[in-house]
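S.K.: I'd like to ask you about the structure that follows.
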Amino acid sequence: MKRPPSGGLSRRSFLHGGVAVAGGLLLPPLRVPSPAHATPAPPVELRPGKGLASLLGKGLPRTEIWGYGGQVPGPVLRLRQGETLSATLVNDLPQPTTVHWHGLRIDNKMDGVAKLTQAAVAPGQRFHYRFTVPDAGTFWYHPHNRSWDQMARGLYGLLIVEERTPPQVDRDLAFAIDDWYLKSDASFDADSLGQLGEWAHGGRTGNVLTVNGRPEARLSVARFERLRLRLANTANARILQLRLQGGEAWTIAVDGQPVAQPRRLRNGHLILPPAGRVDLMLDITGTPGSQVVIAEVSDIRLPLIRFDIDRKAAKRAGPRQDSMKLPPNPIPEPDLANALTFTLDMTGGAMGGMRSAIYKGREMDLRELAAKHNLIWAFNGVAGMPDKPFFSVRKGQTVVVKMLNNTAWPHAMHFHGHHVRVLKHIRETRAGRRELAVTKDWRDSVLLERGEEMQVAFVADNPGKWMLHCHMLEHQAGGMMTWFEVIA
Ligand code: C2O
Ligand code: CU
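Below is the structure:
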């Protein structure tokens, strides 16, 4: 790969790109796709380290966070579909770390999973990542070593891959929504990390929500503007329940992958599980002076994103008529007639009735697992990372994974290196088993509520060792992880 001249590097520098000031709020760099010609993306340096962030807003005490470049979120990395990203991790943290590129179907050696695909990078050391991105869409990056600790402190950033011919929009805006547990003096509550009680329940949820590292994002917009909103849930465990008011939006992509047909958000309701992303098209059609608000309602009703519709001239005479449809990414269709099916029995946690599980080849009772190893969850009777893969298949094999949530808690099951399609989603109700409607979307994470069963399918087309785990990071650390192998 050619090194771009330094002038080009600073122009397209992801790290210190233009800072947009909107309504008195500093937002991290957000760029509208430029009509630049296809070039290799300029190299990036990611330096996770300590920093200070105004999580509660201007004028209030700041919080010591861990972030890429000392900022939260880390820089928005933007590249084009088919480009090669070259990123050097330089670890300024007091702990070993890695970078995982969540949702990107890339070379397994670059997947960033400590102990599985690489050794964790020690403090002061560096690691060079280099991979080509096959899919356009909204993705993100974060550590895959002690994720429950490092991500709770702010280590994450968005990674946006632009379509070769992006849809026509007036603005392309990205928002990372996070959940923090802060003390009353705004300091990060480190004492609450690693508490087994929370690990055995719904995971560590906090008391402060932020969007792009601030309490709220507020922007002024013109009537009849069309916005593309990229929303990401970067929280450890909170399932975001979002409500859009004052506008109409269409879902155009889920977990980075375009939906077959854009669909209107029903009643403005949107559920975003941990690690989930959704791309929305929002047409500003409200009256001048009114607002479009996206609020989070899972416990405290909080407006997170606000668009003030300008009283000045409208952007155009009426809403844009351009198509919202995104070009599909090159994901192979599963061959269900020749699929191999594997069953994953999810057990453990509070009120789960799990008595024992296997850890490092030895059966242990739950008390010992919890006390000695902080493990309280299991997949197929094994707590923590098993030595042997959950399954091993040849490249090109269609796989169906049947997941049974035999716990009292929801789980956001994440597949590495592949996107999956839900075939069946069954809910256990008092009246019996009920099959829920499913879409044809491709997802990298799927949410199973307590007692639910779900079957997903995908073509195992990416050779290597891939993790499958709950993305509620305390559940992952507490035992809900395994891996599968695709043999070239
Ligand atoms: Cu977002 Cu295994 O990761
Ligand atoms: Cu879970």
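Our numbering applies: residue -11 is where the sequence shown begins, and numbers increase by one. A virtual CB, placed ideally from N, CA and C, is assigned to each residue, including glycine.
1. Among the residues of its own chain, which have a CB less than 6 Å from the CB of residue 181, if the five just before and after it don't count?
2. Are the CB atoms of residue 395 and residue 340 within a distance shorter than 8 Å?
3. Taking the alpha carbon of residue 158 as the point to measure from, which residue in 43, 286 and 312 has its own alpha carbon closest?
4. Would you check if there are 3 or more beta carbon pairs closer than 8 Å linking the region 42 to 54 to the region 67 to 79?
5. Let's see if you can read the secondary structure: which residues bound the alpha helix (DSSP H) around residue 464?
6. Which residues are close to the ligand C2O, meaning CB closer than 6 Å to any heavy atom, in chain order?
7. Measure the alpha-carbon distance for residue 155 versus residue 420 and round it to whole angstroms.
8. Quick one: is residue 351 buried, meaning 16 or more other Cβ sit within 10 Å of its Cβ, or exposed?
9. Would the beta-carbon of residue 136 be found less than 7 Å away from any heavy atom of the ligand CU?
10. So which of 433, 367 and 292 has the shortest CA-CA distance to residue 486?
11. On the criterion of 16 or more Cβ atoms from any shown chain inside 10 Å, does residue 425 qualify as buried, or is it exposed?
12. Alpha helix (DSSP H) containing residue 356: first to last residue?
13. Straight-line CA distance for residue 83 to residue 35?
14. Please identify the residue among 397, 172 and 168 whose C-alpha is closest to the C-alpha of residue 199.
15. Quick check: what's the CA-CA separation for residue 349 versus residue 269?
16. For residue 173, which residues in the same chain have their Cβ closer than 7 Å to its Cβ, ignoring the five residues on either side in sequence?
17. Let's test the definition: count the other Cβ atoms within 10 Å of the Cβ of residue 113 and tell me whether it reaches 16, buried, or not, exposed.
18. Residue 196 to residue 328, Cα distance in whole Å?
19. For residue 475, which option in 146, 469, 266 and 448 has the closest C-alpha, if you only look at C-alpha atoms?
20. Spatial neighbours of residue 429 within its chain, please: C-beta separation below 6 Å, excluding the five flanking residues on both sides.
21. To which residues of the same chain is residue 260 closer than 7 Å at the C-beta, ignoring the five residues directly before and after it?
22. Could you check what DSSP says for residue 221 in three-state terms: helix, strand or coil?
23. Using a 10 Å radius around the Cβ and a threshold of 16 neighbouring Cβ atoms, would you call residue 306 buried or exposed?
24. Quick check on the DSSP output: what are the complete beta strand (DSSP E) runs of length 3 or more inside the region 327 to 410, in order along the chain?
25. On the three-pair Cβ rule with 8 Å, is the region 98 to 110 touching the region 55 to 66?
26. Between the alpha carbons of residue 88 and residue 299, how many angstroms are there, rounded?
27. Which one of 94, 271, 75 and 353 has the shortest CA to CA distance from residue 238?
28. If you run the structure through DSSP and keep just helix, strand and coil, what is residue 210?
29. Using 8 Å as the threshold, is the C-beta distance between residue 410 and residue 444 below it?
30. Could you check the C-alpha separation between residue 320 and residue 450 for me, to the nearest Å?
31. Pick out whichever of 116, 65, 128 and 93 has its Cα sitting closest to the Cα of residue 79.
32. Hey, residue 125 and residue 277 are a contact pair by Cβ (cut 8 Å); roughly how many whole angstroms apart?
33. Tell me which residues share the same chain as residue 95 and place their Cβ nearer than 7 Å to its Cβ, disregarding the 5 neighbours each side in the sequence.
34. Give the list of continuous beta strand (DSSP E) stretches no shorter than 3 residues that lie fully inside the region 28 to 97.
35. Pick out whichever of 316, 435, 325 and 343 has its Cα sitting closest to the Cα of residue 240.
M.R.: Checking against the coordinates, here is how it stands:
1. 137
2. yes
3. 312
4. no
5. 461 to 465
6. 88, 90, 130, 132, 263, 402, 404, 455, 457 and 459
7. 44 Å
8. exposed
9. no
10. Coverage of the chain is limited to positions -11 through 476, which leaves residue 486 absent and any answer about it impossible.
11. exposed
12. 354 to 361
13. 13 Å
14. 168
15. 50 Å
16. 49
17. exposed
18. 44 Å
19. 448
20. 242 and 247
21. 219, 221, 228, 230 and 266
22. strand
23. exposed
24. 328 to 336, 344 to 347, 350 to 353, 365 to 367, 379 to 382, 385 to 393 and 399 to 403
25. no
26. 44 Å
27. 271
28. coil
29. yes
30. 11 Å
31. 116
32. The pair is not a contact, with the Cβ atoms about 35 Å apart (cut-off 8 Å).
33. 119
34. 32 to 34, 36 to 41, 51 to 56, 65 to 68, 72 to 78 and 88 to 90
35. 316
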